[in-house]
Each structure stands twice: as C-alpha cells, then as structure tokens.
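Read the structure below first, then the notes.
Protein chains: 4
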Amino acid sequence: MDKITVSVAGGSGYAGGELIRLLLSHPNVEIKQITSESYYGKLISKAHPNLRGFSNIKYSGLAELEECDVLFLCLSHAVSMKSIEKFKSIAPKLIDLSGDFRLQDKEEFEKWYKEPHANPDMLKEFVYGIPELHREEMKNAKYISSAGCNATTTILGLYPLFKNNLVDEDRTVVEVKVGSSEGGKKSSFATHHPERSGSLRSYKPTGHRHVAEMIQELSFGKDLKIHFSATTTDMIRGVLATSHVFLKEDLAEKDIWKLYRQAYGNEPFVRIIKEREGIYRYPEPKLLAGTNFCDVGFEKDPHSNRVVVISAIDNLMKGAAGQALQAFNIMHDIGETTGLEFPGLHPI
Amino acid sequence: MDKITVSVAGGSGYAGGELIRLLLSHPNVEIKQITSESYYGKLISKAHPNLRGFSNIKYSGLAELEECDVLFLCLSHAVSMKSIEKFKSIAPKLIDLSGDFRLQDKEEFEKWYKEPHANPDMLKEFVYGIPELHREEMKNAKYISSAGCNATTTILGLYPLFKNNLVDEDRTVVEVKVGSSEGGKKSSFATHHPERSGSLRSYKPTGHRHVAEMIQELSFGKDLKIHFSATTTDMIRGVLATSHVFLKEDLAEKDIWKLYRQAYGNEPFVRIIKEREGIYRYPEPKLLAGTNFCDVGFEKDPHSNRVVVISAIDNLMKGAAGQALQAFNIMHDIGETTGLEFPGLHPI
Amino acid sequence: MDKITVSVAGGSGYAGGELIRLLLSHPNVEIKQITSESYYGKLISKAHPNLRGFSNIKYSGLAELEECDVLFLCLSHAVSMKSIEKFKSIAPKLIDLSGDFRLQDKEEFEKWYKEPHANPDMLKEFVYGIPELHREEMKNAKYISSAGCNATTTILGLYPLFKNNLVDEDRTVVEVKVGSSEGGKKSSFATHHPERSGSLRSYKPTGHRHVAEMIQELSFGKDLKIHFSATTTDMIRGVLATSHVFLKEDLAEKDIWKLYRQAYGNEPFVRIIKEREGIYRYPEPKLLAGTNFCDVGFEKDPHSNRVVVISAIDNLMKGAAGQALQAFNIMHDIGETTGLEFPGLHPI
Amino acid sequence: MDKITVSVAGGSGYAGGELIRLLLSHPNVEIKQITSESYYGKLISKAHPNLRGFSNIKYSGLAELEECDVLFLCLSHAVSMKSIEKFKSIAPKLIDLSGDFRLQDKEEFEKWYKEPHANPDMLKEFVYGIPELHREEMKNAKYISSAGCNATTTILGLYPLFKNNLVDEDRTVVEVKVGSSEGGKKSSFATHHPERSGSLRSYKPTGHRHVAEMIQELSFGKDLKIHFSATTTDMIRGVLATSHVFLKEDLAEKDIWKLYRQAYGNEPFVRIIKEREGIYRYPEPKLLAGTNFCDVGFEKDPHSNRVVVISAIDNLMKGAAGQALQAFNIMHDIGETTGLEFPGLHPI
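Protein chains in written order, with the numbering used here: chain A, 307 to 654; chain B, 307 to 654; chain C, 307 to 654; chain D, 307 to 654.
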C-alpha cells in the first residue's frame, strides 16, 4: 500500500508536537511538511527535544504548504475557520484540532465563543471527532474536528448513562482537574513555575467553552444542563473528570456495569477501571501519559441516587493528537490502534 | 498572668507536631508534657525536624500524664472516646482533635463510622470546634472537639448561604481536593512516593465521614443532602473545596457578597477572596501553608442558579492544630489570633 | 524466525514491570512465565496497572519456572548469586538485573557489598551489561549482568575521556541526582509522600556501591578514584549525573566534541546534547522517561582545566530493563533498537 | 524605643515581598514606603497575595521616596550601583539585596559580571552581608550588601574548614541545587510550568557569578579555586549545596565536629545537622521554607581525604530577605532573631 502523505499546519505547539511524534512512527504515513512561523527553517527537534535524532524535517511556512492527502490543522483559535477554504484546496481531507468546527450549530458557537463564526456553512460538514460516538460517520468523512480534551473526558465518562436516558437532565455537576499543558506552549505569569507549581487553582468555575460540546453530544434531543467547573493542578499532562449524575430511577452497580460494558466492551481505547482493592481502583491520569486511552470508572452512592463517574485521559493524546490519529486510521481503514500502541509507564 | 499549663497526648504525628510548633511560641502557654509511645524518651525534634533547636522536651508516655490546665488529644481514632474518663481526670479542659466527639448524635456516629460509640453520653458535652459558628459556646466550654479538615473547609464555604436558607437542600455537590498529609504519618503503598507523587486519585467518591459534620452544621433543621467526593492530589498540605450549590431564588453576585461580608466581615481567620484580575482570583491552598486562614470565594453561574463556592485551608492548621489553638484562645479569653499570626509564604 | 521464549523471575517490581512492558511488544519474543511470590496467581496488571488490557498472563511462583531460551532475573539483592546454578538449569542464557554479578572481582564485591559472594567463580562468566562498552563480548555471551543505573549514567558520560587517558585519575567528583523509583517498590517512612515529596536529600554522600562499577569500567589499568555522592530528588524516574573531571592537559571544546563523536557517533542510544541556545541545552532526565537513551553533554570551564560532563537516563530503562533488552537484542542478533523505539514525551 | 522608619525600594519581587512580610511583623519597625513601578498605586497584596489583610500600604514610585532611617534596596541588577548617590541622600543606612556591592574589588566585579562597575569607589564601603563572618563590622556599618543565596549556602558550609586552613585550595568542587524562585518573578519559556516542572536542569555548569563571593570570603589570602556548578530543580524555594573538599591532612569526623561547633555553636541561625538515623540525617531545604536558618552537615569519606559538606537554606530568607533583616537587627543592636523566629513547617 502506498503511504498516505500528510502535512501538519502548526507543528511547534504541544498538540502538534505530539502528533508529529505519532506520525513519525506510523507505518502508513509519509510526512510531507510541518509548518511553524516561529521556528521557520529549524529542525523540528528544536521545538520538540524528545524528537532529537528521529527526524531531519525542518519547519516550512504556512504559505508554503503543498498538496497532500491529509492536512492536520494544529493552529491557534480562529485560524482554521478563517482559512478553511485555502486548507481545503491543499488536501481533500482535513483533521482540525482547534475548537473552530466542533459545534454544529452557529448560534451555539457564538454563545460560547462570544464571536461570530467565520465560516458557519462549513460547521455541519465536520464530523465531531470522538470515534466511540461517531465511528461510522468518520469512515467516509472528509473533515473531522477533533474534540476538546475536557469534553472528551466528560463525554466518554457519561455517554452510556445519557444515551440510555437514565440521568436527570438538570442536575449533572462535572468537575475537571487539568494539567498545565492544556494551556499551550506560551508562557505567562500564570504559568511561571514559582506561581504555578504546587497550585490548585479554580480557573473556570463557570462558563467553560467545552460545555457546549458536552451538551451537543449528550443531550439526545433533551434540554440538558451540565454544571461544569475546571481546576488546574500541578500535573503537566492529564485530565481527570469527576462527574456527579443523578439517576432518574435507581440502578444497582452491576446494572451500571452492564451499560458500560455494552457501550465500551469492544472499544480499543476505553477501559473500564473499577477494582475492589489496591490503590488504582479508579482511573488516574498519570498512568495514561503518552497513551490514547480514556479510562472510565464509577461508584454508586449507597445513600442516594447519585453516580460518581470518574474518567481520565492524557489531554495531548486522547484529548488531542492521539484521538486525531485514531480518526485518521478510521478514515483510511487502517487498524484503529496503529501508531497508538504505547501502553503508558508505571511508575511515572 | 500565670501561664496556662498544657499537655499534648499523641504528639508525634502531623497534627500533634503542628500543635507543638504553635504552642512553643504561644506567650501564654507552658507546655508540660508531650506523649508518644513510638518516640518515647526521645527529643520532640526527632519526630519534628523543623523544631530542632526550639525545645528540649522529650516524649513522655500516655500513662505518665500529670495534671494540667488543658489537655490536647491528638490520638488515633477511637482512643479518645475509649479513655475519655481518664483524660477528664487529668485536665479540666480537653480539646480533642480526633473525630470521636464531632457528632452530637449517637446514631449519626454509628451510621458514618460504622461502629458503636464508646461514650455516647459525652457527645453532647463537646462543643463542635469551628469558632466562626460556635464562638459563644466556646467561651465557657470545657470540652471542644476540633472539626474535620474537609468539613471545616466546606462548612465555612457554605455557611452564609445555608444559614440564610437560600440553597436547594437536595442538590449540593461538593468536591474536595486534598493533600497527602491528611492521611497522617503512617506510610503505606498508597503513599509510596513513586505511586503517589503526581497522582490525582479518587479516594472517596462517596461515603466520606466528614459529610456527617457538614449536615450537622449546615442543615438548620432541614433534611439536607451533601453529595460529596474527595480526590487526593500531589499537595502535601491543603484542602480545596469546590462546592456547587443551587439557589432557591436568583441572587446577584453583589447580594451574595453582602451575605459573606455579613458573616465574615469581622472574622480574623476568614478572608473573602474574589478578584477581577490576576492569577490569585480565588482561594488557593498553597498560599495558606502554615496559616490559620480559611479563604472563601465564589462565582455565580450566569447561565443558571448555580453558585460555585471555592474555599481553602491548610488541613494541619485551620483543619486541625490551628483551629484547636484558636478555640483554646477563645476559651481563655486570650486574643484570638495569638500564636496564629503567620501570614503564609509566597511564592511557595 | 521462531520466537525466542523468555521468562522473567521477579516480575512484580519496577524494573520487572518495565521489562514486561517492553517484552510484550517485542516482535521476536514469546513470554513464557513471569514470577512473583507476593502477586502469585494474579494478573500482571495487578502489579503494573499500565498494562491493563495488554496481557492475560498471571504470575507464577519462582519454583514453577520451566525451561526457556532466556531467563531475566529481576530479583532482590543476593537471590541471583545464591540460586545461580538453578537458574542456569532453566535457561541457557541469563540476563541478571541485580548487582550480584556486576563486579568481576570477588574482593571488590566484598569491599563494597560488605558480604562474601555466594558464587564467586561465576563472576567472570558474566559480561558487564553496558553495550556501548561490551558489544562484541555480548554477541556470544551466555550471561549478562545489567549495569547499575547510577553507574551507567556516569560511565557513559565519562567513557570517552577516560578511554583516551585524558583525565587526572585522582580528582574526579561525580554527583548524581536520582528519582524515587531507584529505591524500588517497597514503601517506607523515607518514601512516605509527605516526607519525600519536594525533598532534596543527601542519601549517600560517600560509599555508594555503584562506584565499584565505575572504577572497574573506567580505570583502564590505572589507580582511579571516583569521589561520588548521591542526592534523591522529587523525580520518580531519572538519573542526572554531573561529573567534574580535570584534564591532564588542556583541550578545546571542539576537541572534546570530536572524542564524544568518535565514541558515540554510531551509537543508537547515546545522544550528544550540547546546544548554544534554548532551554534544553544539556541532557535532562525528564525528557527520557520511557526511553532507552543516555543523553550526554559537557561544558569546558574557561577558567580551569575542569570539564563538567552532564549525562542523563531513565533509571528503569537505560538503567535497568531497557539496557537489558538492548543486550538481549545484541545476543540474538536482532536489530539493536527493536522494542526500544519509544522517543519519549514532551512536555512531561 | 522609637520605631525605626524603613522603606523598601523595589518591593514587588520575590525578595522584596519576603522582606515586607518580615518587616510587617517586626516590633521595632515602621514601614514608610514601598516602591514598585509596575504595581504603582496598588495594594502590596496585589503583588504578594499572602499579605492580604495584613497591610493597607500601597506602592509608591521610586522617585517619590522620602527620607527614612533605613532603605532596603531590592532592585534589578545595576540599578543600585547607578543610583547609589541618590539612595544615600534618602537614608543614612542602606541594605542592598542586589549583587552590585558584594565584591570588594573592582577587577573581580568586572571579571565576573562582564561590565564596568558604575560606582567602584563605593565598593569598599559596603560590609559583605553574612553576619556569621562579619558581625562586628556590621554593628557600626552604614552600608550592607546582602550576600548571594548560593554564595551564602556554600560559604557557611565551608567556612570552618577554610578558616582553619585545612583544605586543598585547588580541588574544591561545589554543586548547588536550586529552586525556581531564585530566577525571580519574571516569567519566560524556561520557567513555563510544562517545561520547568519536574525538571533537573544544568543551568550554569561553569562561570556562575556567586563564585567570586565564595573566593572573596573563603580564600584568606590564598589562591583559592572553587569548581562550581548549578542545577535547577522542581523546588520553588531552597538551595542545597553539596561541597566536596579535600583535606590537606587527615581528620577524624569528631575533629571536624569540633571545628563546626566552635564556629557555629553560638550562632542563632546555623544548625549543625548530622544524625545517625532517621530520614533527616543531613540538611534539607524543604524544612527551611520561611526560616532564616542555614543548616550544615558533613560526612567524611572513609576511603579518601574527601569531606562532603551539605548545607541548605531558603534562598528568599537566609539567601536574601531574612539575612538582610538579621543584619538590620545587628546594625541596630536589636535581638538578632527579632522577626525571624519562624521555625519552619513539617511536613511541607
């Protein structure tokens, strides 16, 4: 089989770097170009020191992109939506890692992003990038919008319960704890080590944009509310979502088990983690660094109808580059786990 | 004024060590004895290396305790309640840092601790140890039961809203993020550095004992539910509670402000933290290491009737030794902040 | 080609776990048995939660080991040397990760380990396990003793200078900074998170056993002294060695470059890291987590004849399991990097 | 006694903030003004959130400084030396925390700072700010230059050995491990949390400026060399110096003990830490956060004439603000420990 030629627009940031790492060892891929304006002309290992010795590719400019089979877009907010026509002319297939095309509905975009969408007609042409929910659509998709990291963690944690219409739509409270790489590669006083190290900081108690994705994917026609807050931690990679949902009618833990097994029993990248003993009884993000897993667990409150769902990912992998590559594999009918086999480290 | 003679039963653990640190510099206190069976006969700095050079006191045995004015109990679970008669014969005033006498109601104790109480008749003789709620009772109290750390953080965060009957009693969701010193000084595989460092671990998604204290202090005669989960973090000291409450009727942020100011405007150890800019807009536990503050902030969700309340303490201080000393000061009509003036460090 | 059957004796610790992770994805390997007495009968993922879903192998007992092509020994100190005859009867090739057979000389062993060797006649039958120094011997070796992690880091950093007889033999000072996984999986008060997290602790200012390996490999017949100290840090994985050597005669930086290039230019797992700008100008262990690299850099002091050599590894990989697998590949004439291709993560 | 009026020039950085924290609780001090250009007009707690509720002082501009008894200078490099005449007109006593006046010799300044000194005639009017070495001179000093943090740690560790002429002058190797607050409050890519957290980074293998201070204070007329390297760690506060010195003639550990006891037995802020058992056998910076201690310990290598000296401080305290206040107390014949009584926290 001929290799698939891919280019990466915006390859000096964290998600871009992670994607390059994966693409370099993907047996079906030939990387054609990687762009960065700030590292223009330099080796990609200047931006990604872990890749020293793995590639001699140098950064191109965005304006120099040539035709290829698939173009990954790892650009800053709003660049994709403004230049989407140009990118369509470069490659027949686009995978966008930004938030620009995640929402199908123009009004929702404007409500959460507080700005008009530059190409609203394109919104419905993108498949929302969580394979566990949209695998069939992806097989023939041209355009995929990779899901937000907090949204991915929450949605995969809650999907089996909402899909089966078991949850009170108004009461769900979700709290994510996130690592510092979520904020990207640009330094600021907020990320200055003496200020950020050891911190537990409420950075978005209300109004987080990823809520719109959760509602889009979990509402199933209902009027759903997700009461969401986000706290940053001292982690670098990782998202841990603790979701509190209230069942419409009582279910035993073993019934909930069945629903999760039904939903994810054959999924290569979702593991149900719920053990009786040991210290890793529930999902934990540090075990997932570098992997494409979303680990999901839960506990039923014996004193109420609350179910606490715990889900975890590596935000740069299942929350960005890994999930994008998973979608790529599906689009091209390649084994879905190709290039995503890394099991993660322990201890770490 | 004559110094008040105090002894510490159980002075080799973390809360005991913190208490000793405070007592050593308290101008009205003379420490008489400090007990530890495992460090018996050794200098207290063997257990608490920060106190090297600050004291020549050596550990006594519990059986050797002599009469004193105030006895602090920093013992393992169930020791206080089993030996309370003995401790009463040693000192007319007792301040117990364990969970044994926090609940006023015997049935509640048995429900949450899953064992019978060894001295249920004594339960109502203890004042629950949060001064901001029980200052008047403390002034003449003989026995004080210092509040749980997670309970203190949550209760102080939510008190102004619940006291004013503004909150839907069935919907409150509280998530605390805690440091590793909460688990005490005994090592285990769960606290082994390679396993615990960098972790974000759901250790008590449901069923945490401190919930009973929250209900006791916040229900005001209503049938209150607190849907509570606890997650451990890589911090050593600190608790951050993120509490999601739903208002019965809508309130503007400035009205909520007024309630918090009314409740805490004159409190020496509660600060309302809510700023428009900067990175420390909300309470953050790392700033509180070594201090007796509970910092409290909140954000009203503009899209719903949810208020997110953020509160933080140092679990060994406001959550244990510091709050115990604050109560001690109140009991003896000493300036409430005496020995508790440390402002905390930044950066840290 | 038929798969090579391998078993792992002592597969529940950190080095054993890392080795299993590597073996599971090695295309030429079939794992036959993995032993653990404490996890006997349980899934290997009980000890290594990162391997959930990757294998259904359950732990066997050491006494149950069956014949195989290669037996890896990841046992506690002194077990290998006491049972070496038994292990020889199980497999024609042994790779021992303990310190038992690292020293060729019985007297040296007794001097540094302060006990007699249980099988001194076997000492010279083992090849010392750093491939960059002993590749040719490994090709036909039956028994390999994997090198110590601190020794590997230091030796690879200094080898080009000592081999070329450029260094004053009496003056070398080496300081390693190590992660907590070096101490193994057993918890203790020293590794209790509140005590260990954030610490920088001199744990072996003098007398570290790995010095004997450094002298063995770097002395080239001279009377060499290595003045060595070790400090533990808050890292979990990683060793950083800062070695201060004093040149017998002055050399320019570009001459030193040449020596390192000559020594390591074709080595797949040694990278020379020395850049003029950026923040990763020198080797840094966090970039190496999960990889088999030893990164080496240096700086010549412009005011003296000192060269500061900086070298870094992942102690569980190039310092244990990874280097053992590299030796395995060489022994079997398999591509040396097989199963060791992971480039590491950034950021991490 | 009348209060001493003090002002702080440059009070928004880390050292300035620490100094303000100490001055606010000093019983003999009245703070007059604190300057910051970037926080001009704002409350000091905007820069130092730990001080919320402790003061209503707002920042003044440098140009607005009025006369006071003592002016502390916490300004950027080179500001003090350029404006020293102006500062002398504001206050009769100056305590400078920058590096501008640490070296007595103009040539040495130019050699290490690689620029001419703006006011070389003033260099000899400053007393070098380590009280343990210069207490008598401080008593009548008008101008004090607070010592560098790495220099303080190293000098206090080595002083008893060098003062007694016991050390080979050419062979000393010193390695300091430092926290991120040493680099100050300005963020950069090097301090960006995902890049800096978890790092162990050689930032100055050779050529560190503080070496000049060490030579000045430890040479006692000899031609001394200090072979120095610095590594940054994941700590925020703290310096750990591991110094390897080689004795001219052999000494037993108990003789070395005597020398340290002789030098520091009466010092309020130097503790000799050397224990036979336990995990805190040697100095450790994390125990010193917020304190003014320099803890010093050592181990004699039984196989050579090397002594490994381990010394630790909090760089913002004994390495900056605390030591400056200690000098202030000495200058004014106030009890030397006034305002510096905090014993530090454990665990932390």
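Where a beta carbon is used, it is the ideal one built from N, C-alpha and C, also for glycine. Since this is a predicted model, take the numbers as computed values, not measurements.
- Between the segment 365-379 of chain A and the segment 310-325 of chain A there are three or more C-beta pairs closer than 8 Å, enough to call the two in contact.
- A:G650 and A:G596 do touch by the CB rule: their CB atoms are close to 6 Å apart, below 8 Å.
- Residue contact check for B:A595 against chain D: a CB pair falls below 8 Å.
- Annotation: C:D406 is outside any alpha helix (DSSP H) and is labelled neither H nor E by DSSP.
- Here B:G490 is near B:Y320, since their CB atoms are less than 8 Å apart.
- One Cα belongs to C:T537, the other to C:V484, and the distance between them is close to 6 Å.
- Distance from the CA of A:F634 to the CA of A:L329, rounded to the nearest whole angstrom, comes to 11 Å.
- A:I654 is outside the set of residues whose beta carbon lies under 8 Å from a beta carbon in chain D.
- Shown here, A:C600 sits in a strand according to DSSP, grouped into three states.
- With a threshold of 8 Å between beta carbons, A:H499 makes contact with chain D.
- In this structure B:T459 touches B:V545 by the C-beta definition: roughly 5 Å separates them, less than 8 Å.
- The alpha carbon of A:I396 has as its nearest neighbour, out of A:Q339, A:R567 and A:G322, the alpha carbon of A:Q339.
- If you draw a 10 Å sphere on the C-beta of B:R358, you find 16 or more other C-beta atoms in it, and that means buried.
- If you look at A:R612, you'll find it isn't in any alpha helix (DSSP H); it sits in the beta strand (DSSP E) that goes R612 to I619.
- When Cβ-Cβ separations below 8 Å define contact, D:R502 makes contact with chain A.
- For A:M541, at least one C-beta of chain B is nearer than 8 Å to its own C-beta.
- Fully contained in the segment 404-447 of chain C are the following beta strand (DSSP E) runs of length 3 or more, in chain order: 432-434.
- Assignment of B:R477 by DSSP, reduced to helix, strand and coil, places it in the coil class.
- Per DSSP, reduced to three states, the secondary structure at B:Y449 is strand.
- The Cβ of B:F415 sits no closer than 8 Å to any Cβ of chain C.
- When secondary structure is reduced to three states using DSSP, C:K483 falls in the strand class.
- With distances taken between CA atoms, A:S351 lies nearest to A:G322 out of A:E373, A:G322 and A:H332.
- Ranked by Cα distance from D:V433, the options D:N446, D:E324, D:P422 and D:N425 are led by D:N446.
- Distances from the CA of D:H499 to each of D:M541, D:T512 and D:I461 were compared; the closest alpha carbon is that of D:M541.
- Beta-bridge analysis with DSSP links C:T341 to C:S366.
- Non-local C-beta neighbours of A:I532 in its own chain, meaning closer than 7 Å and more than five positions away in sequence, comprise T478, V480, V517, M520 and I521, ordered along the chain.
- Around the CB of D:P333, fewer than 16 other CB atoms lie within 10 Å, so the residue is classed as exposed.
- A direct Cα-Cα distance of roughly 50 Å separates C:R327 from D:S318.
- The distance from the Cβ of B:L524 to that of B:F575 is about 19 Å, inconsistent with a contact at the 8 Å cut-off.
- In this structure, B:P591 lies near B:I619, with their beta-carbon atoms less than 8 Å apart.
- The residues I636, in chain order, have a CB closer than 8 Å to that of A:R441 in the same chain once the five nearest residues on each side in sequence are set aside.
- Under the DSSP definition of a beta bridge, A:A547 partners with A:V482 and A:S617.
- Of the residues assessed, B:F495 falls on the exposed side of the cut-off, its CB having fewer than 16 other CB atoms within 10 angstroms.
- Judged by beta-carbon spacing, A:G405 lies beyond the 8 Å limit of A:A630, meaning their Cβ atoms are not closer than that value.
- Only residues of its own chain outside the window of five on either side were considered, and among them V314, G317, F378, C380, L403, A626, A627, A630 and L631 have a CB closer than 8 Å to the CB of A:L325, listed in chain order.
- With respect to the 8 Å criterion, B:V615 and B:G513 are not classified as neighbours on the basis of their beta carbons.
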